[in-house]
Ligand code: CMC
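In the working numbering, the protein residues as written are 74 to 502.
Right, dumping it as structure tokens:
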């Protein structure tokens, strides 16, 4: 909705009037789309000041530390809903009624298996491949299996692809793990909840089926909820950009997985644990804090800072509580890594460098500690993030395709050589 206008004064040219758009909540947005007709572009590397799209899915107030999905605070969803309800909410805009939920859960369960042929893809990977490398490959490969539903202009096809992705990600993630372990892959069990089934496929073997701890299943479910969506971050923007070219949903999600992998984004959960291992002992914290502050050192305190949150990450608060519950359930007392993490947090939060830059622990700071306690290896952490974020990615992809959209095609400020002629090889100096 545009009610106000901004005026752009350009030296030597007529002023340009730009509409100011307002959302339901959040800052005003200056609509610069008409600027191209003046022969000028805006310059915003890293999208520090750019809203790349309009969306109704997730809202973040980074100053207040607020995260809402379809208007509902993340803390309430983590406490009162479950992951599949949150998926329904993200995909459809409303929390389901009991009847809608039962139908959705049953639909998802109908799609938990993957094509038997897909198993053969795994054999092409080394057993010690990083699980995210395998995930990029096998999720992209799903496009080769579902030719019946790849018409992106057909809303039913979009719907079924979304459900297939949500349903199959735990199966694929567990297959990746089992492959790395050299253990038989476990088929999904539709009598279990989404989180229980994932833990079953991860940790059970055909010769030993152990019951799944309800506390751990609940913690896993909360981890899934807390990672479900986070508006236009690097991976979601990647999915939208790939989708804007008309690419199929499985290819788009594979692109999202690749973007998530980096340590500045989803790869941070793995990097936190690697960092804690590297620090090793409380006595070394000061050295690492000094490294994090040193501009000549590329080291950053993993699990700290966020582009949007300049306050506590609300997901980190819930994650910390969940962490306590899991460690209690598992009888883990005085965990040295947790103690190290707590001390690191305490020191960083009182250090002027971190205070001045509003660097707080983010979601990845605690999730690794819980995942490790559950028994999930460090290399699988980002896979868990990808599994949970798939619903967010596909919700954004669906939202984009449901309204008129244009291919994402940014411009640039060119600072290379101007036009020049090629000189013959023998004449070049
Ligand atoms: N350790 C030390 N200094 C930091 C850190 C950190 N973790 N994060 C930011 N800074 C400094 C940075 O050097 C800069 O200082 P200065 O103003 O003196 O140049 C200032 O704080 C602003 O940082 P920035 O890099 O310009 O901020 P950004 O918005 O571009 O980057 C970030 C955000 C998340 C990439 C960055 O904070 C970071 O690399 N954090 C560590 C990795 C991490 O935990 N990532 C997970 C993010 S949450 C999960 C997700 O949604 O993906």
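Glycine is no exception: its CB is placed at the ideal position from the N, C-alpha and C atoms. If you're wondering where the values come from, they're calculated on a predicted model, not measured in any experiment.
Residue i (DSSP reduced to helix, strand or coil)
i           : result
residue 301 : coil
residue 187 : coil
residue 323 : helix
residue 381 : coil
residue 77  : strand
residue 250 : helix
residue 232 : helix
residue 425 : helix
residue 354 : coil
residue 83  : coil
residue 478 : coil
residue 91  : strand
Minimum C-alpha distance to residue i - residue among the options
i           : options            : result
residue 173 : 188, 157, 186, 183 : 157
residue 181 : 80, 267, 492, 314  : 267
residue 351 : 331, 374, 330      : 374
residue 478 : 314, 337, 424, 399 : 314
residue 148 : 99, 89, 361, 390   : 390
residue 440 : 430, 451, 222, 431 : 451
Distance cut-off 6 Å: residue i Cβ against heavy atoms of the ligand CMC
i           : result
residue 376 : yes
residue 338 : yes
residue 510 : Examination of residue 510 is not possible in this model, given that the chain is present from 74 through 502 alone.
residue 237 : no
residue 432 : yes
residue 379 : yes
residue 341 : yes
residue 365 : yes
residue 76  : no
Classification of residue i by the beta-carbon crowding that lies within 10 angstroms, buried from 16 upward
i           : result
residue 112 : exposed
residue 205 : buried
residue 473 : buried
residue 127 : exposed
residue 83  : exposed
residue 370 : exposed
residue 500 : exposed
residue 322 : buried
residue 442 : buried
residue 496 : exposed
residue 392 : buried
residue 114 : exposed
residue 86  : exposed
residue 446 : buried
residue 349 : buried
beta-carbon residue i near the ligand GTP non-hydrogen atom, thresh 6 Å
i           : result
residue 469 : This structure does not include the ligand GTP; its bound ligands are the ligand CMC.
How about the region 445-461 and the region 294-313: do they share at least three Cβ pairs that are nearer than 8 Å?
-> Contact between the region 445-461 and the region 294-313 is established, with three or more Cβ pairs separated by less than 8 Å.
Is the region 373-387 close to the region 137-148, with three or more CB pairs under 8 Å?
-> yes
Kindly confirm or deny that the region 186-204 and the region 247-257 touch, where touching means at least three C-beta pairs closer than 8 Å.
-> yes
The region 265-280 / the region 427-436 touching (three or more Cβ pairs under 8 Å) = no
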